[in-house]
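The opening residue of the sequence shown carries number 5 in the working numbering; numbering runs sequentially from there.
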Amino acid sequence: MTEGKVPNGFGAAIDFGAGDQSASTSTATSTTATAPTTARLLILGSGPAGLTAAIYAARAGLAPIVIGGYAPGGQLMLTSEVENFPGFPDGIDGPDLMAKMRAQAERFGSTMVDQDVDRVDLSAQPLRVWSARREFQAEAIIVATGASALWLGLESETRLRGRGVSACATCDGFFFKGQEVVVVGGGDTALEEALFLTRFATKVHLVHRRDSFRASKIMISRVEAHPNIQLHMNREVVEVLGERSTEAVLLRDTTGSLSTPERLAVGGLFVAIGHKPNTALLGGALPVDAAGYLQLESDTTASQIDGVFIAGDVHDHRYRQAVTAAGDGCRAALDAERWLAERDASRS
Ligand code: NDP
């Protein structure tokens, strides 16, 4: 993988904004094979939570190692224009925002490791993390692994993933120039993706299983006013048709008033139905709630395990915003810094 690029399902790449990074005054060692394996603080995840934690921890002199995944940058890498992150009155593309955060974290001495975490052992000090057959050790860890896109669970959806089926309009929208596409979902993500896709597609069909959206009012107004977006309420996709590429979808009426599915000829299907928290790498080491999100112990970012802190979407299913994740990353870094200072004091 080219550094600064993230592959997507169509064999193309998302620009991670390497230009922005090279403009930084980075003092950090960079990626992967040559990176150190011990630090006072390890940060798992490289979305807004992980990178904000890295900025704060690095400025506190902790020289954190960020194990950020093979596709670093988190969900904002899959987002088009971000209009509500403070400080960018004209909006900013998600990947550009993440490149700026990464450059800022590196500038103060964070080390970036662009690999996935395979497993952890949080049962004793030092805390241990394995990634690409290497063991990393630290006294404290911040878990900021975020959440991943959900899929409909259809066999045809899996078969045609990367052949017209996608969960990322920003990455793949360009490939659908001049075609009709479907977006599934009724939240802000789906409506944002539908609007974004109108830049390329001749028509965007927005399919939602209920008769009302859960998205914000401003997004609903924009979608309803758009001449190239057609709403299909009370409908769900039950099959994606096509052998080698997506040719159509079958829509079922969720109210039951239409007994036969409708066929909609489209070249692409964008699934935007929410996310699931990325906790599998923890192997059950930390408690989760009914929806699988990590649970905090108190009003700090501390987990049940001494020295382990939690930040961002991996625990937050209420707000799930870049700015709240960033705020959380700040809190986790401050909590970890204080915990390490108390640990030093108790040992001296
Ligand atoms: P949400 O959970 O808000 O919405 C998911 C949508 O998908 C719902 O409408 C849901 O339907 C539908 N859905 C879920 N499962 C299925 C299924 N199996 N089949 C069909 N439809 C399904 O997720 P989002 O990703 O949209 O948003 C997550 C959070 O991020 C929200 O808080 C949102 O406000 C925020 N966000 C903010 C943005 C911004 O501020 N720029 C941009 C994008 C997201 P139903 O409604 O019936 O449950």
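Where is the CB? At the ideal position from N, CA and C, for every residue including glycine.
From the DSSP output, in three-state form, read off residue i for me.
i	result
residue 181	coil
residue 277	coil
residue 262	coil
residue 309	coil
residue 270	coil
residue 160	helix
residue 256	strand
residue 247	coil
residue 304	coil
residue 147	strand
residue 79	helix
residue 394	The requested residue 394 does not occur in the structure, where the chain is confined to residues 5 to 352.
residue 218	coil
residue 176	helix
residue 290	coil
residue 285	helix
residue 37	helix
residue 134	strand
residue 239	strand
residue 298	strand
residue 165	strand
residue 114	coil
residue 85	strand
With a threshold of 7 Å (Cβ to nearest heavy atom), would residue i be considered close to the ligand NDP?
i	result
residue 235	no
residue 212	yes
residue 224	no
residue 230	no
residue 249	no
residue 191	yes
residue 188	yes
residue 276	yes
residue 240	yes
residue 196	yes
residue 220	yes
residue 282	no
residue 141	no
residue 324	yes
residue 66	no
residue 156	yes
residue 279	yes
Along the chain, where does the alpha helix (DSSP H) that runs through residue i open and close?
i	result
residue 350	326-351
residue 105	98-111
residue 225	221-229
For the beta strand (DSSP E) containing residue i, name the first residue and the last one.
i	result
residue 200	No beta strand (DSSP E) holds residue 200; the alpha helix (DSSP H) holding it covers 192-201.
residue 210	207-211
residue 63	Not the beta strand (DSSP E): residue 63 falls in the alpha helix (DSSP H), residues 52-63.
residue 318	Segment: none, residue 318 is in no beta strand (DSSP E) and carries neither H nor E.
residue 234	233-236
residue 128	Counting along the chain, residue 128 falls outside any beta strand (DSSP E), and DSSP gives it neither H nor E.
residue 142	138-142
residue 46	45-48
If you pair each beta-carbon of the stretch 330-345 with each one of the stretch 160-172, do three or more pairs fall below 8 Å? no
Using 8 Å as the Cβ pair cut-off and three pairs as the minimum, do the stretch 50-66 and the stretch 105-112 touch? yes
Counting beta carbon pairs with one atom in the stretch 86-101 and one in the stretch 131-146, are three or more of them shorter than 8 Å? no
The stretch 292-304 touching the stretch 49-56, judged by at least three CB pairs closer than 8 Å: Contact between the stretch 292-304 and the stretch 49-56 is absent, because fewer than three Cβ pairs lie under 8 Å.
Count the CB pairs spanning the stretch 189-196 and the stretch 216-233 that are closer than 8 Å, and state whether there are at least three. yes
Evaluate the contact criterion for the stretch 149-157 versus the stretch 271-282: three or more CB pairs, one atom per stretch, below 8 Å. yes
Check whether the stretch 256-275 and the stretch 172-192 touch, using three or more Cβ-Cβ pairs below 8 Å as the test. yes
With a threshold of 8 Å, are at least 3 pairs of Cβ atoms found where one atom belongs to the stretch 234-254 and the other to the stretch 299-309? Contact between the stretch 234-254 and the stretch 299-309 is absent, because fewer than three Cβ pairs lie under 8 Å.
Would the stretch 243-254 and the stretch 118-132 be scored as touching if the rule is three or more Cβ pairs under 8 Å? no
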